[in-house]
Amino acid sequence: MAATAKKAALRVDIIPVQESDLHAIALAALDGFSADPMSAAQITPMGITPKSTKAYLDWYKAQLASGSAMWKAVRPGTNDIVGMLSLCKVQRDENGKYIGGPPRWADPNEPVYNDPWYLPDFNNTFIREMMKFTIPAEEALMKGRRYIVGINLFVIKDLQNAGVGRQLCDKALDFSKKEGLPIFCIASTGGKKLYLKLGFTESESFVLDPSKPDQSFSAMILQAD
1 MAATAKKAAL RVDIIPVQES DLHAIALAAL DGFSADPMSA AQITPMGITP KSTKAYLDWY
61 KAQLASGSAM WKAVRPGTND IVGMLSLCKV QRDENGKYIG GPPRWADPNE PVYNDPWYLP
121 DFNNTFIREM MKFTIPAEEA LMKGRRYIVG INLFVIKDLQ NAGVGRQLCD KALDFSKKEG
181 LPIFCIASTG GKKLYLKLGF TESESFVLDP SKPDQSFSAM ILQAD
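In my numbering, the protein residues as written are 1 to 225.
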């Protein structure tokens with residue numbers, strides 16, 4: 001297999017997301033995640049369609065409505081969205097449950113995770129299977145703590161390996177330091193490599209399908225300095 005060519009670095013402007021950005025962000029996210037074999041095969045197997053776009057749009061609306069901190073990466077001087085980062089401050093009680101209930105984006109009862117209308121373009125059946133592992137893992141690891149959830153980070157396919165993801169990660173690290181809170185996230189096999197380089201530790205890993213050990217997820221934690 002040929003090595004991935006290193007691309008020229010692109011400096012981006014990182015600015016807060018507005019509701020009017022969400023449709024463009026949904027399209028950009030679908031493009032970016034299409035480069036992840038597991039996401040492309042399991043979550044959005046039909047690619048960019050009206051249903052998969054609406055699913056991502058509804059997911060991002062739920063994040064914004066929950067008070068998440070969301071930033072878009074744009075080409076300098078434009079509104080050309082090439083990446084995005086979303087974080088949310090949460091708190092759990094000693095039993096691991098969200099104080100005040102789960103934010104909408106994390107609520108397994110949200111329609112985007114349950115409505116069969118989204119199928120097969122957005123495989124919320126697979127998402128629910130993931131949640132059977134990720135929710136208990138997060139409850140056990142983060143019980144009794146205030147922390148930041150790294151909900152989502154992506155870069156469009158053509159600009160991956162051009163330094164945009166690192167700039168978004170730097171924004172997340174800066175947010176963590178200012179808030180004095182650790183960051184928790186669930187990472188795919190590919191994403192885990194980047195998070196380990198940034199100083200995250202892997203706390204737990206799980207595989208949904210034992211016949212596909214390469215399709216694993218890891219619970220990652222970065223302690224606040």
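Backbone N, C-alpha and C fix where the C-beta goes; we use that ideal spot for every residue, glycine too.
Taking just the CA atoms, how far does G191 sit from A219? Straight-line Cα distance between these residues: approximately 11 Å.
Tell me, which residues are paired with K72 by DSSP? I15, M84
Along the beta strand (DSSP E) that carries G150, what are the first and last residues, could you check? For G150, the enclosing beta strand (DSSP E) begins and ends at 146-155.
Considering just the uninterrupted stretch of the beta strand (DSSP E) at I186, what are its terminal residues? 183-188
Output yes or no for whether 7 Å exceeds the beta carbon distance between I183 and G150. Yes, Cβ-Cβ distance for I183 and G150 is below 7 Å.
Looking only at its chain, what residues have a beta carbon closer than 6 Å to the beta carbon of I48, apart from the 5 residues adjacent to it on each side? L30
Which residues in the same chain have their Cβ closer than 6 Å to the Cβ of E204, if we skip the five residues on either side of it in sequence? Hits under 6 Å: A137, A219.
Across the stretch 68-75 and the stretch 7-19, are there enough close Cβ pairs to call them in contact, namely three or more that are closer than 8 Å? With a cut-off of 8 Å, the stretch 7-19 and the stretch 68-75 count as touching, because enough Cβ pairs lie within range.
Could you tell me whether the stretch 34-49 touches the stretch 78-86, using the rule of 3 or more Cβ pairs below 8 Å? no
Report the rounded CA-to-CA distance for P116 versus F126, giving the unit in angstroms. Answer to the nearest angstrom: the Cα atoms are 12 Å apart.
7 Å CB neighbourhood of E110 in its chain, flanking five on each side removed: Same-chain partners within the cutoff: A62, R104.
Residues in the same chain with beta-carbon distance under 8 Å from A2, minus the five sequence neighbours each way, listed in chain order, please. Only weak support is given to the placement of A2: the predicted model assigns it a pLDDT of 41, under 50, and the value that follows is read from those uncertain coordinates. If we look at A2 and ignore the five residues flanking it on each side, it has no Cβ neighbours.
Alpha carbon of I43 to alpha carbon of L119, nearest angstrom: 10 Å
Looking at the strands, I want to know which residues DSSP matches up with L222. Beta-bridge analysis with DSSP links L222 to I183.
Going residue by residue through the stretch 17-68, where are the continuous alpha helix (DSSP H) segments of at least 4 residues, counting only ones entirely within it? 22-33, 50-65
Roughly how many angstroms separate the alpha carbons of K7 and P102, rounded to a whole number? 40 Å
Secondary structure, beta strand (DSSP E): runs of 3+ residues fully inside the stretch 191-219: Entirely contained in the stretch 191-219, the beta strand (DSSP E) runs reaching 3 residues are, in chain order, 201-207.
Quick one, are the C-beta atoms of M228 and D121 less than 7 Å apart? A query on residue 228 cannot be resolved here, the shown segment of the chain reaching from 1 to 225 and no further.
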